Amino acid sequence: MAITLNLPSVLAAHTGGARTIEATGRTLGEAVADVAARYPALAPRLRDKEGKPYPFVNFYLNDEDVRFRGGFAAPVQDGDEVTVIPAIAGG
Amino acid sequence: MPATIASPPLTARPLRCRSCGTERAAAPTAICQECLGPLEPVYEPGRPLPDRETIAGRAPSLWRYKEWLPFDGDPVWSLDTGFTPLVDAPALARRFGVARVWVKNDTVSHPSLSFKDRVVAAAINAAAAFGLDTIGCASTGNLANAVAAHAARAGLKAWIFIPDELEAGKVIGTSVYGARLVRVRGTYDDVNRLCAQVADRFGWGFANVNLRSYYGEGSKTVAYEIAEQLGWRLPTAVVAPMAGGSLLSKLRKGFGEFLEAKLVHGRPPRLYGAQAAGCAPIVRLVERGADAIAPEVPQTICRSLAIGNPADGVFAARAMRETGGWAAAVSDSELVEGIRFLAQDTGVFAETAGGVTAAGALALARAGRFDAQDEVVLCITGHGLKTVEAVHGAVPEAPVIAPRLREVTTLVEEERTWPSR
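Protein chains in written order, with the numbering used here: chain A, 561 to 651; chain B, 3 to 423.
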């Protein structure tokens, strides 16, 4: 399944400037693992050593917080958009 | 050429990641490039600090504590924000069964009647330091009011994003200043996510997104003011509302900095946080003893605290646990009752977040979290006229009469026969 991963500009330094990356996988975790394998410098910034998401880094699947969809276990489909956004404070 | 006397130009302090420790030059960014952790300003460790008398001799604004705010040189905007009253509240002390209670009354904060004036005073000076001409925010209302007001005074453009279902006072209290106000279909968390993307795309200064490292430091001034207004000493407990959770960790930092500077002595206050039960992810984090937030979809009339995914929730929980405090969630009807008893006990009319704080303090008192010797400060953070909808049906309806003495006499007689109303 091919999905699109949108990165914040703060992470583009680790992808040679690319802000949008294609990824494959049946779940979000698999798609992130796919990206991590292809962009080693990006890998530790998307997930920890055990492959789990960081508390500071939020993933949105088609604009919905993936923690409401099972986190990295959330199934993904062709054409889905995943957006990575560092956690931000309130007001 | 004759020598000129000028104050040094305003610059922002460098930043350090709270998570991995990486340092970077001052910039309108709040995110660590290495680990995506939150950046915080770094202060010069050996810088000269003022003593009590020097601080007391300065103008009554939050800038009297400028050595603990993240700039070098003098601030250029919002010089009159801060130093709100600390109100003695003996009736609340009796209600809670403690020695003393004070209300830190940010309902009269200048210019926009909420504690968000403090953080925006910091954010707008960061915008000045970086030469930004547009400032923005994602807001549940109070921050929107503050950014719009401060931007108007500074002559900056403002782009402000709020959830579409906010109280009329919060909406009109933003657009009246000429800000570009955008209502987003969704919750605050949707708005916040969108603003992270907007700030990333357009390069504006978003107070609580890319200027957050500077913005957040403004919250510490609540702690400094409490300490100074108590006569340079600390209360034993502080109760504050929680939305994103930042205020709790900044209170802790502020009290800690004054202890370190030896401006006050003794034990840091126990910190308590309050949320509405319909959106209480930080309270539940404290109660579970866990180390990660479980986000919630907010369902409460307390829109100013309706953040289901609080970015500083983990730090707030840590601040409460490590100071010996705790957290409380209250229902919507309890928070409305909190607004009423706070008004009737102290003369302070608070918005829904103040009702949560007052009712939360009462819940903590009933749960035995305070003792009879406690000296408690309630942080009341926004004015009640901003959220009149919340109390509209909960206060007695006023009788309408003809301008005749007889009709008043009738009302007075009714009152005598039903004195407890």
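Glycine residues also receive a C-beta, built at the ideal position from the N, C-alpha and C atoms.
These numbers were taken from a predicted model, which means no experiment stands behind them.
TODO: Assign Cys304 (chain B) to one of three DSSP states: helix, strand, or coil.
DONE: coil
Task: Unbroken stretches of the alpha helix (DSSP H), 4 residues or longer, contained in the segment 264-313 of chain B - done: 283-290
TODO: Indicate whether at least one CB of chain B lies closer than 8 Å to the CB of Phe619 (chain A).
DONE: no
Task: Neighbouring residues, chain B, relative to Val570 (chain A) (Cβ below 9 Å) - done: Thr31, Ile33, Cys34, Gln35, Leu38 and Asp202
Open item on the list: DSSP three-state label for Lys159 (chain B), please.
Closed with: Of the three classes helix, strand and coil, the one that applies to Lys159 (chain B) here is strand, per DSSP.
Open item on the list: For Phe204 (chain B), report the span of its alpha helix (DSSP H) as first-last.
Closed with: Segment Tyr190 to Phe204, the alpha helix (DSSP H) holding Phe204 (chain B).
Task: Exposure label - Ser177 (chain B); buried when at least 16 CB within 10 Å - done: exposed
TODO: Kindly indicate if chain B contains any beta-carbon less than 8 Å away from that of Ala633 (chain A).
DONE: Cβ-Cβ to chain B under 8 Å: no for Ala633 (chain A).
Task: Paired residues, beta bridge with Arg185 (chain B) - DSSP - done: B:Ile164
Task: Own chain residues within Cβ distance below 7 Å of Met3 (chain B), not counting five before or after - done: Confidence is the limiting factor: at Met3 (chain B) the pLDDT is only 44, short of 50, which leaves the residue's position unreliable, though a coordinate-based value still follows. No residues qualify anywhere along the chain.
- [ ] Run down chain B in chain order and give the residues with a C-beta less than 7 Å from the C-beta of Arg627 (chain A).
- [x] Pro297
- [ ] Could you work out which residue in B:Ile162, B:Phe132, B:Ala245 and B:Leu183 is closest to Glu298 (chain B) when comparing CA atoms only?
- [x] B:Ala245
Task: Ordered list of beta strand (DSSP E) runs contained in the segment 337-390 of chain B, each at least 3 residues - done: Considered as a whole, the segment 337-390 of chain B harbours 377-382 as its complete beta strand (DSSP E) runs of no fewer than 3 residues, in chain order.
Open item on the list: Give me the residue from A:Ile563, A:Leu602, A:Ala562 and A:Gly585 with the minimum Cα distance to Gly577 (chain A).
Closed with: A:Leu602
Open item on the list: Taking the straight line between their C-alpha atoms, what separation do you get for Gly171 (chain B) and Leu364 (chain B)?
Closed with: 27 Å
- [ ] Kindly indicate the opening and closing residues of the alpha helix (DSSP H) around Arg418 (chain B).
- [x] Leu407 to Thr419
Open item on the list: Can you confirm whether Arg607 (chain A), when its beta carbon is compared against all beta carbons of chain B, has any partner nearer than 8 Å?
Closed with: no
- [ ] Using the DSSP secondary-structure output, state which residues sit across from Thr643 (chain A) in a beta bridge.
- [x] A:Asn566 and A:Tyr620
Task: Secondary structure, beta strand (DSSP E): runs of 3+ residues fully inside the segment 90-142 of chain B - done: 102-107 and 136-140
TODO: Using only alpha-carbon positions, find the residue among B:Leu145, B:Gly256 and B:Val241 that is nearest to Ala209 (chain B).
DONE: Its Cα nearest to that of Ala209 (chain B), the residue B:Leu145 stands out among B:Leu145, B:Gly256 and B:Val241.
Task: Interface residues of chain A facing Arg195 (chain B) [CB-CB closer than 9 Å] - done: Asn618, Tyr620, Asp623, Asp625, Thr643, Ile645 and Ile648
Open item on the list: Could you compute how far the alpha carbon of Arg120 (chain B) sits from the alpha carbon of Trp234 (chain B)?
Closed with: Their Cα atoms are separated by approximately 21 Å.
TODO: Taking Ser21 (chain B) as the query, report the chain A residues whose CB atoms sit under 8 Å from its CB, ordered along the chain.
DONE: Phe616
TODO: Compare the C-beta of Val186 (chain B) against all C-beta atoms of chain A and say whether one is closer than 8 Å.
DONE: no
Open item on the list: Short of 8 Å in beta carbon distance, which residues of its chain neighbour Tyr274 (chain B), apart from the five on each side in sequence? Order them along the chain.
Closed with: Ala239, Val240, Val241, Ala242, Met322, Gly327, Trp328, Ala329, Ala330, Gly362, Ala363, Leu366 and Arg371
Open item on the list: Please confirm whether Ala573 (chain A) has its beta-carbon closer than 8 Å to some beta-carbon of chain B.
Closed with: Yes, its Cβ sits closer than 8 Å to a Cβ of chain B.
TODO: Please confirm whether Gly109 (chain B) and Gly356 (chain B) have their CB atoms less than 8 Å apart.
DONE: Looking at the sequence provided, one finds Thr at residue 109 (chain B) rather than Gly. Cβ distance < 8 Å, so Thr109 (chain B) and Gly356 (chain B) count as in contact.
Task: Check whether Ala148 (chain B) and Thr13 (chain B) have beta carbons under 8 Å apart - done: In terms of Cβ geometry, Ala148 (chain B) and Thr13 (chain B) do not form a close pair [threshold 8 Å].
TODO: Report the neighbours of Val103 (chain B) on chain A: residues whose CB is nearer than 7 Å to its CB, in chain order.
DONE: Here the premise fails: no neighbours, minimum Cβ distance about 27 Å.
Open item on the list: My output table needs one value for Pro40 (chain B): the three-state DSSP class, helix, strand or coil.
Closed with: strand
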